[in-house]
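Visitor: In terms of full-length UniProt numbering, the sequence shown has 18 at position 18, counting the first letter as 1, and numbering is strictly consecutive.
Every residue, glycine too, gets a C-beta built ideally from N, C-alpha and C.
Remember, it's a predicted structure, so these values are computed and weren't measured experimentally.
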Amino acid sequence: MTTRIPQNAKQVFYASETQTREDGTRRAGREQRSTTFREARDFLDGLDVPGGVSVWRASSNLTDAYATRGADGSWTSLNRLTGKWEPLS
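Shown next, in the form of C-alpha coordinates:
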(Lines of atoms letter the chains of each structure in order from A and count residues from 1; the text may use other names and numbers.)
(Lines give C-alpha, C1' and ligand atoms only; values in the text may rest on other atoms or scores of the structure.)
Protein backbone atom coordinates (compact mmCIF):
# COMPACT_ATOMS: atom_id res chain seq x y z
CA MET A 1 0.00 0.00 0.00
CA THR A 2 1.39 3.35 -0.99
CA THR A 3 0.47 6.48 0.92
CA ARG A 4 0.95 9.86 -0.69
CA ILE A 5 2.32 12.40 1.77
CA PRO A 6 1.51 16.04 0.86
CA GLN A 7 4.52 18.35 0.64
CA ASN A 8 2.97 20.72 3.16
CA ALA A 9 2.18 17.99 5.74
CA LYS A 10 2.36 19.21 9.34
CA GLN A 11 3.21 15.73 10.67
CA VAL A 12 4.13 12.33 9.28
CA PHE A 13 3.88 8.98 11.09
CA TYR A 14 6.56 6.35 10.47
CA ALA A 15 5.59 2.73 11.19
CA SER A 16 8.54 0.32 11.42
CA GLU A 17 8.52 -3.43 11.90
CA THR A 18 10.95 -4.67 14.56
CA GLN A 19 12.86 -7.83 13.70
CA THR A 20 14.94 -9.76 16.23
CA ARG A 21 17.83 -11.89 14.99
CA GLU A 22 18.86 -15.21 16.52
CA ASP A 23 21.70 -13.50 18.41
CA GLY A 24 19.19 -11.15 20.08
CA THR A 25 19.99 -7.99 18.13
CA ARG A 26 17.07 -5.92 16.90
CA ARG A 27 16.74 -4.16 13.57
CA ALA A 28 14.09 -2.41 11.54
CA GLY A 29 12.18 -4.33 8.90
CA ARG A 30 9.45 -3.03 6.63
CA GLU A 31 8.42 0.60 7.00
CA GLN A 32 5.60 2.86 5.90
CA ARG A 33 5.01 6.60 6.04
CA SER A 34 1.46 7.70 6.83
CA THR A 35 -0.47 10.89 7.30
CA THR A 36 -2.44 9.50 10.26
CA PHE A 37 -1.68 7.25 13.22
CA ARG A 38 -4.61 5.02 12.22
CA GLU A 39 -2.89 4.19 8.89
CA ALA A 40 0.39 3.45 10.67
CA ARG A 41 -1.39 1.26 13.23
CA ASP A 42 -3.29 -0.61 10.51
CA PHE A 43 -0.01 -1.26 8.68
CA LEU A 44 1.58 -3.02 11.69
CA ASP A 45 -1.67 -4.77 12.63
CA GLY A 46 -2.00 -6.03 9.05
CA LEU A 47 1.50 -7.50 9.18
CA ASP A 48 0.79 -8.90 12.69
CA VAL A 49 4.33 -8.02 13.81
CA PRO A 50 5.87 -6.05 16.68
CA GLY A 51 7.07 -2.58 15.83
CA GLY A 52 6.96 1.07 16.59
CA VAL A 53 5.44 4.28 15.34
CA SER A 54 7.27 7.59 15.48
CA VAL A 55 6.00 10.99 14.44
CA TRP A 56 7.80 13.82 12.64
CA ARG A 57 6.42 17.31 13.17
CA ALA A 58 7.15 20.21 10.84
CA SER A 59 6.95 22.74 13.68
CA SER A 60 10.02 21.31 15.43
CA ASN A 61 11.57 19.30 12.56
CA LEU A 62 12.10 16.47 15.08
CA THR A 63 11.03 12.83 15.13
CA ASP A 64 9.69 11.46 18.43
CA ALA A 65 8.49 8.05 19.61
CA TYR A 66 4.70 7.81 19.52
CA ALA A 67 3.55 4.22 20.11
CA THR A 68 4.76 0.61 20.07
CA ARG A 69 3.11 -2.67 19.17
CA GLY A 70 4.09 -5.78 21.10
CA ALA A 71 4.40 -9.30 19.66
CA ASP A 72 1.09 -10.16 21.33
CA GLY A 73 -0.70 -7.35 19.45
CA SER A 74 -0.98 -4.96 22.40
CA TRP A 75 -0.32 -1.26 21.87
CA THR A 76 1.32 1.22 24.25
CA SER A 77 1.71 4.96 23.76
CA LEU A 78 4.06 7.48 25.29
CA ASN A 79 2.38 9.90 27.70
CA ARG A 80 4.22 13.20 27.09
CA LEU A 81 3.21 14.61 30.50
CA THR A 82 4.56 11.75 32.62
CA GLY A 83 7.14 10.30 30.24
CA LYS A 84 5.75 6.80 30.81
CA TRP A 85 4.45 4.21 28.37
CA GLU A 86 0.74 3.48 28.91
CA PRO A 87 -1.62 0.91 27.34
CA LEU A 88 -3.45 2.21 24.29
CA SER A 89 -7.03 1.08 23.82
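Below 8 Å CB to CB, which residues in the same chain sit around Asp48 once its five sequence neighbours on both sides are set aside?
Guide: Excluding sequence neighbours, Asp48 sits near Gly73.
Visitor: Take Thr51 as the anchor and find which of Pro87, Glu22, Gly70 and Gln7 has the nearest alpha-carbon.
Guide: Looking at the sequence shown, residue 51 is not Thr but Gly. Minimum Cα distance to Gly51 is reached at Gly70.
Visitor: Starting from the C-beta of Ser16, find all residues in its chain whose C-beta is less than 6 Å away, skip the five residues before and the five after it, and write them out in chain order.
Guide: Closer than 6 Å at the Cβ level, and outside the excluded window around Ser16, lie Ala28, Glu31, Gly51 and Gly52.
Visitor: In its own chain, which residues sit with a C-beta less than 8 Å from the C-beta of Leu62, not counting the 5 before and 5 after it?
Guide: Once the five neighbours on either side are set aside, the close Cβ partners of Leu62 are Trp56.
Visitor: Give the single residue among Glu22, Thr18 and Pro6 whose Cα lies nearest to the Cα of residue 90.
Guide: Past the edges of the chain, shown from 1 to 89, lies residue 90, and the structure says nothing about it.
Visitor: Within 10 Å of its beta-carbon, does Ser34 have 16 or more other beta-carbons around it, so buried, or fewer, so exposed?
Guide: With 16 or more other Cβ atoms within 10 Å, it is buried.
Visitor: Going by the DSSP bridge assignment, what does Glu86 pair with across the sheet?
Guide: Looking at the DSSP assignment, Glu86 forms a beta bridge with Ser77.
Visitor: Which same chain residues, not among the five before or five after Arg26, have their C-beta less than 8 Å away from its C-beta?
Guide: Contacts found: Thr18, Gln19 and Thr20.
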